[in-house]
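Student:
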Amino acid sequence: MAFCANCGADVQGRFCAKCGAPAAAAGAAPGPAASQSAPPPPQPPPPAASPFPAAGPAPVAQAAGLDENLACALCYVLGLLTGILFLVLAPYNQNRLIRFHAFQSIFLHIGSIVVFIGVMIVTSVLHFIPFLGTIIALMIYPLVGLAFLILWLMVMYKAYNRDRWVLPIIGPLAEKQA
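Going by the numbering used here, the sequence shown opens with residue 51, and the numbers climb by one from there.
#1: Identify the continuous alpha helix (DSSP H) that holds Val138 and give its terminal residues.
#2: I'd like to confirm the pairing. Which residues does DSSP put opposite Asp117 in its beta bridges?
#3: Any idea what DSSP makes of Ala209, helix, strand or coil?
#4: On the DSSP letters alone, give me the boundaries of the alpha helix (DSSP H) that Arg146 sits inside.
#5: Does the Cβ of Phe181 have 16 or more other Cβ atoms within 10 Å, making it buried, or fewer, making it exposed?
#6: Would you check if the distance between the CB atom of Gly183 and the CB atom of Ile156 is smaller than 8 Å?
#7: Would Tyr142 be called buried (16 or more neighbouring beta carbons within 10 Å of its own) or exposed?
#8: Check whether the segment 146 to 160 and the segment 207 to 226 are in contact - that is, three or more C-beta pairs closer than 8 Å.
#9: Report the option in Thr173, Phe198, Val194 and Leu196 whose CA atom is closest to the CA atom of Ile243.
#10: DSSP has Val10 in a bridge; who is on the other side?
#11: On the DSSP letters alone, give me the boundaries of the alpha helix (DSSP H) that Gln227 sits inside.
#12: Can you check which of these residues, Val169, Ser162 and Ile171, is closest to Leu199 by C-alpha distance?
#13: Once DSSP output is grouped into helix, strand and coil, what is the label at Pro72?
#14: On the CB-based measure, 16 or more other CB atoms within 10 Å of its CB, does Val175 come out buried or exposed?
#15: Please classify Phe144 as buried or exposed, where buried requires at least 16 other C-beta atoms within 10 Å of its C-beta.
#16: Applying the 10 Å Cβ sphere with the 16-neighbour rule, what's the burial state of Phe136?
#17: Between Gly195 and Arg212, what straight-line distance do the alpha-carbon atoms span, to the nearest angstrom?
#18: Specify the secondary structure class of Phe181 as computed by DSSP and reduced to three states.
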């Protein structure tokens with residue numbers, strides 16, 4: 051009968067029933083057959099007990115990404131560029147609210163380009179009127195620019211607060227696309 055070299059228990063078979071040590075290390079006399087066989091790989095130690103009680107299942111790792119309100123607000127930051135970017139990126143293009151704000155951002159930027167082209171045409175016509183046309187032309191650009199700046203800030207603020215603020219002309223188009 052063989053005894054385990056680690057714990058001293060009786061070994062019946064290839065492994066010790068008490069500690070799990072292989073029978074080759076169980077105190078058998080080394081003979082020619084035992085010296086030719088390779089020793090088994092070492093067993094990993096059992097995990098140490100945690101001093102903290104288990105509170106439930108392990109937390110599930112969340113996908114790294116932006117919150118919905120931050121993504122909605124960022125759709126407006128660079129107009130066309132960020133609007134298209136949020137329509138292309140996978141986790142965001144499946145959210146209906148983010149898609150709405152991305153489309154509204156794209157349409158708002160295109161609309162501002164159209165308005166500034168219209169202002170440019172109007173001011174070029176007003177330059178033919180001496181003095182009064184120049185003063186009106188110099189006042190139109192800053193007023194239109196300030197109006198779009200305030201609109202841009204308001205839309206970003208509303209998007210960050212998770213409000214679905216639908217702009218008059220481009221909002222329904224954005225809702226259809228989202």
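Here a beta-carbon is modelled for each residue, glycine too, at the ideal position from N, C-alpha and C.
Tutor: In brief:
#1: Val138 -> alpha helix (DSSP H) spans Leu130 to Val138.
#2: In DSSP, Asp117 forms no bridge with anything.
#3: DSSP places Ala209 in helix when its eight states are reduced to three.
#4: Its alpha helix (DSSP H) spans residues Arg146 to Leu176.
#5: Phe181 comes out exposed.
#6: Against a cut-off of 8 Å, the Cβ pair of Ile156 and Gly183 comes out as no contact.
#7: Counting Cβ neighbours within 10 Å, Tyr142 comes out buried, since at least 16 surround it.
#8: Between the segment 146 to 160 and the segment 207 to 226 there are three or more inter-stretch CB-CB distances shorter than 8 Å, so the stretches are counted as touching.
#9: Residue 243 is absent from the model: the chain starts at 51 and stops at 228.
#10: What is shown of the chain runs 51 to 228, which leaves residue 10 out entirely.
#11: Note, Gln227: alpha helix (DSSP H), Ile220 to Gln227.
#12: Checked all of Val169, Ser162 and Ile171; the closest Cα to Leu199 is Ser162.
#13: Three-state DSSP puts Pro72 in a strand.
#14: Burial state of Val175 is exposed, judged by a 10 Å Cβ sphere holding fewer than 16 other Cβ atoms.
#15: The question names Phe, but residue 144 in the sequence shown is Gln. Burial call: exposed.
#16: Counting the other CB atoms within 10 Å of its CB gives Phe136 a total of 16 or more, which places it among the buried residues.
#17: Taking C-alpha positions only, Gly195 is separated from Arg212 by approximately 26 Å.
#18: Coil at Phe181, not helix or strand.
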